[in-house]
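Okay, so here's the structure we're looking at.
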Amino acid sequence: MDITDRIADLAGPAAKAAGLELDAVTVSPAGKRSRVTVTVDLPETEVGSADLDKVAEASRGIGAALDEANVPSTPYVLEVSTPGTDRPLTERRHFLRARTRLVELTLAGAAVTGRLTDVDGDTLVLDVDGERREVAIADVDAASVVVELKRLD
């Protein structure tokens, strides 16, 4: 088991205790230390964004779990954050988390922008200019959330 997997095994339960899910772990050199970046997110059943208090709680729990297990065994800097709006949507769970958001999809070279209203199995349900459109996740070449500075609820 490599260091990234070991950290993920320790960070997952700490994130879950804070009501979040472990999304990714990366370890990279940072001078004489290592930078351990842990990305957490809300469970896929929830819509919205992880609040700062939950991320801070997860960070404290993850730090304590890593320190207790002495993983990594060398000095490190821990960064705990959420994926951010610029994360590409590549997995079903990413689309589930993006429900209600405006998304841009690339399908066989053509761009489609619409509000993601649901994920039904492996099919995305979009509202494109008031029309319902279904797209199979397998047909999506690239996808991202479109940042809306002023969103009407």
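No gaps in the numbering here: position 6 of the sequence shown is -8 in the numbering used here, and each next residue is one more.
The beta carbon of each residue, even a glycine, is placed where N, CA and C say it ideally should be.
These figures come from a predicted structure and were not determined experimentally.
Closest Cα partner of residue i within the set the options
i	options	result
K18	P61, D108 and A96	P61
A129	L82, L(-4) and P29	L82
G95	D125, H80 and T68	D125
G34	D115, L88, T99 and V111	L88
A122	A(-6), T99, L110 and I48	L110
Outcome for residue i when other beta-carbon atoms lying within 10 angstroms are tallied against a minimum of 16
i	result
L38	exposed
D127	exposed
A10	exposed
D106	exposed
V114	exposed
R46	exposed
D147	For the chain, the structure presents residues -13 to 139; residue 147 sits outside this window and is missing.
Rounded separation between residue i and residue j - CA only
i	j	result
T103	E117	11 Å
A36	P29	9 Å
I(-11)	E32	30 Å
T(-1)	E134	Here the sequence assigns Pro to residue -1, which means Thr is not the residue at that position. Rounded to whole angstroms, P(-1) to E134 spans 33 Å at the Cα level.
Identified DSSP bridge partners for residue i
i	result
D27	E7
4 or more residues per run - each alpha helix (DSSP H) lying fully within the segment 34 to 73 = Whole alpha helix (DSSP H) segments, 4+ residues: 38 to 55.
Entirely within the segment 74 to 99 and at least 3 residues each: give me those beta strand (DSSP E) ranges in chain order. Whole beta strand (DSSP E) segments, 3+ residues: 88 to 93.
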